[in-house]
Structure formats: C-alpha cells, structure tokens
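Below is one structure; the comments refer to it alone.
In this note's numbering, the protein residues as written are 50 to 552.
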C-alpha cells in the first residue's frame, strides 16, 4: 500500500526521535563503565599469560630512554626461551648485548590513515633491504604510521628464532605477504559493522564505551591478534626484544586548570615514563588501544580515556589524534634526543633521523564550481577538514625545520622521505605517474588496491634515492649493506585476503 505524505512524515519523525533519544541516553551513561582499559600499577599477569619468571616483559622498549648503544647485530639475533616457572625472574635478553654501538638511527613515521600505514610499512621493508632498518634504535609514530610501527615492533623476521609472547599466541612474521594483506584491510567497513553490532550498540548507548573503543577492538581483531580464537590481542609487554624501541604518540587534551596544575604536555607518548606518572601498568595496556589513541581523528572518533591512578580522587586523561600536535612523529624523537644527550658517549655518535612522511597536499575545492558543497556538506559542512589540512601543513613545515636545526647543532642529519620528491626524479619514468596517484589518496582507514601498489612503488623509489644519497656521503656510506637484499616481490594484482574479496 502506498504511504501518504503524512504517514511518511510521522515515520521520519519517529526515527529522528529514536536517534535523538539514543544520543541522549548515551550522554547520560546510565551504567558508568568502560571509560578506560588501563589498570593500576603493578597490575601483575593475567591467568591466561605466562608468568614473569617464564617470559620477561619487553615493554621497556616503549620508553624515551632508548638503549641506542646496544650492538644491533646482537639485538637482532636475541633468543627468548621459555623458562621453568620456578626459575628466577627472566631478564630482558637484549639488554645483555654489548654496549659498543656508536650510531643513533631514529625513524619518525607520519600520520595519514591507511595511506600512511601502507607507505610506512613499505618503506620499512625497503630500508631492511639496505640494512638500515636493522640498525634503527627507535620508531616514533602518529596516527596511520602507528599501524605499521606497532605491527613491526610485535612481529619477527625468523620463524626459527621468533621470541615467544607473554600472551602466548605466536607473532606475525615480518614478510610482505604476511604484513600487507593485514595492513591494507578495510578497517573502516569493519568498524561500521562493529558499531552496528547489537552488543556494541547497547554499550555505546548505555555506558562510556564509544566509537573509539569499537575501533580499538576492530584493530585488535584484525591487526594485533594472532590467537586462534581471538580475544587475546597483544599488549605492550609483547613487544619483540629484537626490535627497536617504539613510541606511539597521541595528543593530550585534558584540562589542567581545574586544580591549578601545570599545563599538560600536548604530546602524549605511550611510554613507561608517562604511565609511571599515572601509576598505571604499561605491560597490560593493549597495543590496539595505544594505536587507536594515536589515530583518533577529531570529528570521527571520540576521545580515548585513561584513568590517572596517581590522583587521590578519580581523574582521567583524554587523548585524541597525535597528528593535531605533531603529524610527523618528530616530538617523540625530540624527547629521545633529550635523554640520549646525557649519555657519556653521545658526542661521538653519528645521529641519523629518517622521516617517513605520507603527507599529501590539500586538494581544495574547484574554482569552476559556484557551490563547492558535496553530498555530506548539506548535513555537516566538511570545510573544517580543509581548515584542518591547512593548519597541519603549516605545523608540518615548522616541525621539520625545528628537527633539522636541532640535528645540525649536534652534527646529525635529517633525511626526509616525502611524496613530493617523486615529482622531480630524473631517470625514473615511473616516478611522476606514481606521484600522480599517491597525491590523491585521501586520509581514510580504507585503501584501494591500486593505491596500495602505488604507495609500495613510491617507497621503493624514495628509499632507492635515499640509499644513493647516503652512499655519496662519507659520514654514512658504511651504514648500508654492500649489496642490498633482493628486491621485494612485485605485486601485479591487488593483495587481499579471502574475506576482503567476499565483501
């Protein structure tokens, strides 16, 4: 039966009323639960995890106090065996390596959603070919770059010597055919499906559980959980001791004026130092939640909240996208340099920082159109995103110049891997075509297969150019392998998992 206009109007009003009612209930949070997942220190091990006597935590890698002078060859070959429960507590084996290294290599990894995640992973694989990744001392990342940084920090290279995890499930292998299908997943579609799941609808309506928590669960299930049945996502104690230190960065937007406190440091790193200040257990914090805090883009996701257990009354820390304070990951490197400068041998060290930058210029609105609005702009005008891009572009330039100036004062160097360099490469016929593709990839948590291919090609070209520059520099040329490892396999077809293809 055809519905009359009045009936249709009533149904629309009913739906709108229902939606508004749900939002109102969510604002009331009738059940005050699920506001945070961090626990008080010391938290101890859960019953499903190995005991501390059996497997040592590697959360020491999430720190600004980076053991940059460890012999990298020794660290990369560390063996972690399961000790009997009655044995003395196991010490982190990597810290027993000789402290004879005199090179500091830092990696900063920018934001940019899946574009940054795929590009950062591809650059890491290319750096590995030239022997640079194996010498890295620290990775500092924001937003999409944190997807790749965290995945690498949890993974292992050699299945014959893959350190066991405190959680129990095996690590992912760091190979292109293992990493790319996971990092290139459509996290946005999976997130929407999880948001609409009845359980999550109920939680987001009646508790503090929010869209950010749903995405953290989505990342855990699809990128940071290798258990057979799921639900055992890796935590920060599962970082691989064979890997460099890792700093996942978010932005702290907590008011500090309520109790007359000192202003907060806008940059929040998921590190031992920061969690000690909260009297919170870093070991048990889920990697997926830390990554999600780094990627909590304003307007799409809610704050990610931590409980501050150091305060006598209930207090909380509210975090969102690390890119709003530093979209390049350089803030974490600055803090590492602050600590490293106290080392007695620091003056003799070579300091090399590589910036993996997935920035693309803002496209702007067409000058040929009298009305620049698109579909969604009739509901919520997205010009705030254009303003955000403009501000980030200016901030990005300032952050790069600050790091260059600092490194120059301590006789170090910054090498910037950015898409714009593709546009001027001579003798590389694919460079211009690759740039034309990557510069149009939007910031999203989904990526098209052809876009991912272009990002991998961009990584190959840019790291090849970097290697040529370093070989021409007497200061750094001996840091590269004499003969690079074999090139990564070329992907002629889109890399997708079977379940991606079915959706």
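Cβ coordinates follow ideal geometry from the N, Cα and C atoms, glycine included.
Nonlocal neighbours in the same chain, by C-beta distance under 7 Å from residue i, ignoring five residues either side
i: residue 520; result: 526 and 529
i: residue 539; result: none
i: residue 74; result: At residue 74 the pLDDT is 47, less than 50, meaning the model places this residue with poor confidence; the figure from the coordinates comes in the next sentence. These residues qualify, in order along the chain: 254 and 255.
i: residue 508; result: 168, 171, 172 and 175
i: residue 554; result: Only positions 50 to 552 of the chain appear in this structure, which leaves residue 554 out of reach.
i: residue 288; result: 107, 108, 110, 111, 202, 203 and 295
i: residue 551; result: Only weak support exists for where residue 551 lies, its pLDDT of 42 falling under 50; the value from the coordinates is given anyway. Nothing listed; no residue qualifies.
Residues bridged to residue i (per DSSP)
i: residue 221; result: In the DSSP output, where bridge partners are listed per residue, residue 221 has none listed.
i: residue 367; result: 354
i: residue 187; result: 155 and 294
i: residue 403; result: 156 and 464
i: residue 299; result: 317 and 370
i: residue 21; result: Lying outside 50 to 552, the shown extent of the chain, residue 21 is not represented and no answer is given.
i: residue 329; result: 89
i: residue 445; result: Paired residue(s): none; residue 445 is not in a bridge.
i: residue 458; result: None; residue 458 has no bridge partner.
i: residue 509; result: Answer is none; residue 509 lacks a bridge partner.
i: residue 284; result: 335
Contact check, residue i vs residue j, beta carbons under 8 Å
i: residue 512; j: residue 201; result: no
i: residue 266; j: residue 216; result: no
i: residue 161; j: residue 492; result: yes
i: residue 260; j: residue 351; result: yes
i: residue 388; j: residue 488; result: no
i: residue 407; j: residue 155; result: no
i: residue 213; j: residue 104; result: yes
i: residue 159; j: residue 490; result: no
i: residue 316; j: residue 380; result: yes
i: residue 455; j: residue 377; result: no
i: residue 276; j: residue 218; result: yes
i: residue 290; j: residue 134; result: no
i: residue 554; j: residue 111; result: Nothing can be reported for residue 554: it is not among the residues displayed for the chain, which extend from 50 to 552.
i: residue 271; j: residue 239; result: yes
i: residue 336; j: residue 199; result: yes
i: residue 340; j: residue 195; result: yes
i: residue 190; j: residue 297; result: yes
i: residue 300; j: residue 210; result: no
i: residue 472; j: residue 481; result: yes
i: residue 284; j: residue 325; result: no
i: residue 81; j: residue 257; result: yes
i: residue 236; j: residue 399; result: no
i: residue 197; j: residue 166; result: yes
i: residue 9; j: residue 444; result: Past the edges of the chain, shown from 50 to 552, lies residue 9, and the structure says nothing about it.
i: residue 364; j: residue 375; result: no
i: residue 83; j: residue 252; result: yes
i: residue 534; j: residue 184; result: no
i: residue 130; j: residue 102; result: no
Any non-hydrogen atom of the ligand FMN within 7 Å of residue i CB
i: residue 505; result: Here there are no bound small molecules, and the ligand FMN is not part of this structure.
Contacts around residue i, its chain only, beta-carbon distance under 6 Å, and the 5 residues preceding and following it disregarded
i: residue 90; result: 328, 329 and 330
i: residue 164; result: 407 and 490
i: residue 149; result: 120
i: residue 250; result: none
i: residue 355; result: 85, 87 and 366
i: residue 346; result: 370
i: residue 373; result: 300
i: residue 501; result: 167 and 233
i: residue 146; result: 119, 120, 123 and 124
Residue i - containing alpha helix (DSSP H), residue span
i: residue 483; result: 478-487
i: residue 389; result: 379-389
i: residue 175; result: 162-178
i: residue 342; result: 336-343
i: residue 346; result: That residue, residue 346, is in no alpha helix (DSSP H); it is neither H nor E in DSSP.
i: residue 244; result: 236-244
i: residue 193; result: 193-203
Contacts around residue i, its chain only, beta-carbon distance under 8 Å, and the 5 residues preceding and following it disregarded
i: residue 401; result: 152, 153, 154, 155, 461, 462, 464, 525 and 528
i: residue 397; result: 151
i: residue 470; result: 511 and 514
i: residue 442; result: 408, 410 and 411
i: residue 97; result: 216, 217 and 281
At 4 residues or longer, what runs of the alpha helix (DSSP H) sit wholly inside the region 93-158? 121-125
Counting only runs that start and end within the region 255-282, where is the alpha helix (DSSP H) found for 4 or more residues in a row? 260-271
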